[in-house]
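What follows is a set of notes on a single structure, which appears directly below.
There are 2 protein chains.
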Amino acid sequence: MKKITLAKHSGFCFGVKMAVDKALKEAQKSDNVVMLGDIVHNEHVIKKIDEAGVKVITELSDKNPGTLLLRAHGTVPEVYAEAKKLGYKIVDASCPLVLEIHEFARRLEEDGYKVVIIGDYGHDEVIGISGHVKNSIIISKPEDVEQKIPSRVKRLGIVVQSTQNIENAQKIVCKLMVLCREMKYYDTICKPTKLYQAEIRTMPKENDVIIIAGSFTSANTKRLTEISRSLNPNSYQVECGDDVKKEWFDNAESIGITAGASTPNWIIDQVINRIRHIIEE
Amino acid sequence: MKKITLAKHSGFCFGVKMAVDKALKEAQKSDNVVMLGDIVHNEHVIKKIDEAGVKVITELSDKNPGTLLLRAHGTVPEVYAEAKKLGYKIVDASCPLVLEIHEFARRLEEDGYKVVIIGDYGHDEVIGISGHVKNSIIISKPEDVEQKIPSRVKRLGIVVQSTQNIENAQKIVCKLMVLCREMKYYDTICKPTKLYQAEIRTMPKENDVIIIAGSFTSANTKRLTEISRSLNPNSYQVECGDDVKKEWFDNAESIGITAGASTPNWIIDQVINRIRHIIEE
Numbered sequence: 000m001k002k003i004t005l006a007k008h009s010g011f012c013f014g015v016k017m018a019v020d021k022a023l024k025e026a027q028k029s030d031n032v033v034m035l036g037d038i039v040h041n042e043h044v045i046k047k048i049d050e051a052g053v054k055v056i057t058e059l060s061d062k063n064p065g066t067l068l069l070r071a072h073g074t075v076p077e078v079y080a081e082a083k084k085l086g087y088k089i090v091d092a093s094c095p096l097v098l099e100i101h102e103f104a105r106r107l108e109e110d111g112y113k114v115v116i117i118g119d120y121g122h123d124e125v126i127g128i129s130g131h132v133k134n135s136i137i138i139s140k141p142e143d144v145e146q147k148i149p150s151r152v153k154r155l156g157i158v159v160q161s162t163q164n165i166e167n168a169q170k171i172v173c174k175l176m177v178l179c180r181e182m183k184y185y186d187t188i189c190k191p192t193k194l195y196q197a198e199i200r201t202m203p204k205e206n207d208v209i210i211i212a213g214s215f216t217s218a219n220t221k222r223l224t225e226i227s228r229s230l231n232p233n234s235y236q237v238e239c240g241d242d243v244k245k246e247w248f249d250n251a252e253s254i255g256i257t258a259g260a261s262t263p264n265w266i267i268d269q270v271i272n273r274i275r276h277i278i279e280e
Numbered sequence: 000m001k002k003i004t005l006a007k008h009s010g011f012c013f014g015v016k017m018a019v020d021k022a023l024k025e026a027q028k029s030d031n032v033v034m035l036g037d038i039v040h041n042e043h044v045i046k047k048i049d050e051a052g053v054k055v056i057t058e059l060s061d062k063n064p065g066t067l068l069l070r071a072h073g074t075v076p077e078v079y080a081e082a083k084k085l086g087y088k089i090v091d092a093s094c095p096l097v098l099e100i101h102e103f104a105r106r107l108e109e110d111g112y113k114v115v116i117i118g119d120y121g122h123d124e125v126i127g128i129s130g131h132v133k134n135s136i137i138i139s140k141p142e143d144v145e146q147k148i149p150s151r152v153k154r155l156g157i158v159v160q161s162t163q164n165i166e167n168a169q170k171i172v173c174k175l176m177v178l179c180r181e182m183k184y185y186d187t188i189c190k191p192t193k194l195y196q197a198e199i200r201t202m203p204k205e206n207d208v209i210i211i212a213g214s215f216t217s218a219n220t221k222r223l224t225e226i227s228r229s230l231n232p233n234s235y236q237v238e239c240g241d242d243v244k245k246e247w248f249d250n251a252e253s254i255g256i257t258a259g260a261s262t263p264n265w266i267i268d269q270v271i272n273r274i275r276h277i278i279e280e
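Protein sequences, first through last, are from chains A and B.
Per numbering that gives the first Met the number 0, residue 0 is the first one in the first sequence, and the count goes up by one each step.
Per numbering that gives the first Met the number 0, residue 0 is the first one in the second sequence, and the count goes up by one each step.
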């Protein structure tokens, strides 16, 4: 009898849930709700929001401004200012924990620290954070530290993308601490991320196969997959039930399942059902 | 022809040199100069200071108080206060970099941080630093972090013993950064220590044998020996020229020499001469 275990902590975090709820609620109130980009990094959620009538736009416009929904990853201040000027009604669906990171970064800069953001290059959340300070240095990988900070800095102030890999942040901080006289660090990796990552550091050792449900565009899901794969090569990321392959389970007695913070429950259920169907065949 | 290389940075650091110079100067001015313990952790220096007439005492006294020389490692505030009350003339030979650590620790506590001192249990400098704050946690080893800080703390403020092993401090900080919301870290490992340690991380790879000159009571010398031995098993610590053994050099073509911050030049010269004598025999 093959055993299936779903991670205790997986799927929608409260920030994503709140953003999706806000979007659906606004769509009911008005047929002119827009967003600058996708609400979260998951195709199924994007489709649902699109079907509810919320439109994705690429830039703000003074023609018929409606409700502007600011997405879960947070936004640069210029968007708030321009939207206000153009007459949009702003509904801020930024994750409150991300807004806190903006505040920490601003405070560090005001206090004279050179701001370092540990986060993925080009990620919406990281771009958002860096927009809230005048000058920041973004560092994704420990190998990049020397190039990004070629000489000693007096004061470094550090914040971290909410869904970063803790071990990656530790390696970067280790290098930063010997590059400055004074370092101030805010542990801004969010609690859901910590819980998900803690489980994905034990589950792959306790199960023969690990399935990670989530979009390939989702950085936090990708991170779960990477951690899992480093501990158990039989780790597979899937976007939905159809991606699950029969041969993965041929020699498996125990199967662990987790999901990224932007993966909705109905996808997790679909994946579990598909696995059950396969192993009961 | 065997090659001998002396480390670019070795022997007396400026803090030790200043303390020794102050002691000898005071001994010329008065025959009632006392210290609470040894001036630095080196028998040869202690002997020289003793011969100059400076006495080591175990406690302050109101009988015939003379000049009290405060040692290089720094002192708790109570000693300053009591010595003043009893009528001593205080000559502070504390390393200025250590006095700076006291100041950082006090500032962290005032600003609401729980103070952590990364340093050797029982070391004079560490005891001195902890005496300057009301409550501190001393951590020597990464393995002790969980026991010393069993649950999450809001704000951790960290200073480091001036002669700590940088890699040890990095491992401890790595663990501390995920145990708090906010961490403030002062890189108080002194420049001489950094220079000595940087060289002892390359020299053992470039030489067949490494000789480290310094007392076995000196924490910073012991640290150089440990680092060297981890990179080259043919690493030997000696207190003086007489400790050097002929058989160490039998198969050696290149010999590297370094010395702790409390090792005087005349001992380094003695060790080099003894090695020269052996290999030229």
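Note that the Cβ used here is the ideal one computed from N, Cα and C, for glycine as well.
Residue(s) in a DSSP beta bridge with residue i
i         : result
Ser135(A) : Val114(A)
Ser157(B) : Residue identity check: residue 157(B) is Ile in the sequence provided, not Ser. Bridge partners of Ile157(B): Val115(B) and Tyr184(B).
Lys2(B)   : Ser253(B)
Val152(B) : Cys179(B)
Val97(B)  : DSSP output for Val97(B) lists no bridge partner at all.
Val33(A)  : Lys54(A) and Leu67(A)
Separation of residue j from residue i, as counted between CA atoms
i         : j         : result
Glu198(A) : Arg275(A) : 22 angstroms
Tyr120(A) : Glu205(A) : 33 angstroms
Leu67(A)  : Met176(A) : 41 angstroms
Val125(B) : Lys190(B) : 18 angstroms
Glu142(B) : Cys173(B) : 12 angstroms
Lys147(B) : Ile128(B) : 18 angstroms
Asp49(B)  : Gly156(A) : 48 angstroms
Val159(A) : Tyr79(B)  : 43 angstroms
Val55(B)  : Glu181(A) : 37 angstroms
His40(B)  : Cys179(B) : 36 angstroms
His101(B) : Arg151(A) : 23 angstroms
Ala251(B) : Lys244(B) : 13 angstroms
Pro232(B) : Thr216(B) : 21 angstroms
Val237(B) : Leu23(B)  : 26 angstroms
Val19(B)  : Ala26(B)  : 11 angstroms
His122(B) : Ile138(B) : 12 angstroms
Lys153(A) : Ser253(A) : 52 angstroms
Asp241(A) : Val270(A) : 8 angstroms
Val75(A)  : Asn31(A)  : 22 angstroms
Asp37(A)  : Lys113(A) : 31 angstroms
Selection from the options that minimises the alpha carbon distance to residue i
i         : options                                       : result
Ser16(A)  : Ala260(A), Val270(A), Glu279(A) and Ala6(A)   : As written in the sequence, residue 16(A) is Lys, which differs from the Ser given in the question. Cα-wise, what sits closest to Lys16(A) is Ala260(A).
Ile211(A) : Lys183(A), Trp247(A), Lys153(A) and Asp186(A) : Trp247(A)
Glu225(A) : Tyr195(A), Ile254(A), Gly14(A) and Asp249(A)  : Tyr195(A)
Ala6(A)   : Ala251(A), Ala22(A), Val132(A) and Met202(A)  : Met202(A)
Leu223(B) : Ala251(B), Tyr184(B) and Asn167(B)            : Asn167(B)
Ser161(B) : Val144(B), Ile148(B), Ser93(B) and Glu109(B)  : Ser93(B)
Cys239(A) : Glu42(A), Gly130(A), Ile277(A) and Leu96(A)   : Glu42(A)
Thr187(A) : Phe103(A), Val75(A), Lys153(A) and Pro232(A)  : Phe103(A)
His8(B)   : Ile277(B), Gln269(B) and Thr262(B)            : Thr262(B)
Gly10(A)  : His72(A), Ile256(A) and Ile277(A)             : Ile256(A)
Glu58(A)  : Gly111(A), Met34(A) and Gly118(A)             : Met34(A)
Val144(A) : Tyr184(A), Ile117(A) and Asp110(A)            : Ile117(A)
Gly130(B) : Gly73(B), Val44(B) and Arg154(B)              : Gly73(B)
Ser135(B) : Leu107(B), Asp123(B) and Tyr235(B)            : Leu107(B)
Ile3(A)   : Lys84(A), Ile209(A), Asp242(A) and Ala51(A)   : Ile209(A)
Ile266(B) : Ser214(B), Asn219(B), Gly65(B) and Asp249(B)  : Ser214(B)
Lys83(B)  : Ser29(B), Pro64(B), Tyr112(B) and Lys1(B)     : Pro64(B)
Cys85(A)  : Ser60(A), Leu69(A), Val75(A) and Leu96(A)     : What sits at residue 85(A) in the sequence shown is Leu, not Cys. The candidate whose alpha carbon is nearest that of Leu85(A) is Ser60(A).
Glu310(B) : Lys46(B), Ala51(B) and Gly14(B)               : In the structure as shown, chain B begins at 0 and stops at 280. Residue 310(B) is therefore absent and cannot be evaluated.
Val115(B) : Val53(B), Ile89(B), Pro95(B) and Tyr185(B)    : Tyr185(B)
Collapsed DSSP secondary structure at residue i in the structure displayed
i         : result
Ile38(A)  : coil
Tyr120(A) : coil
Leu178(A) : coil
Leu331(B) : One cannot answer for residue 331(B) here, as it falls past the ends of chain B, which runs 0 to 280.
Val243(A) : coil
Leu59(B)  : coil
Ala258(B) : strand
Thr66(A)  : strand
Val78(A)  : helix
Val53(A)  : coil
Gln27(B)  : helix
Residue i - containing beta strand (DSSP E), residue span
i         : result
Asp186(B) : Per DSSP, Asp186(B) belongs to no beta strand (DSSP E) and is neither H nor E.
Gln236(A) : Ser234 to Val237
Ile89(A)  : Lys88 to Asp91
Ala212(B) : Val208 to Ala212
The alpha helix (DSSP H) enclosing residue i, as first and last residue numbers
i         : result
Lys147(B) : Val144 to Lys147
Arg275(A) : Asn264 to Glu279
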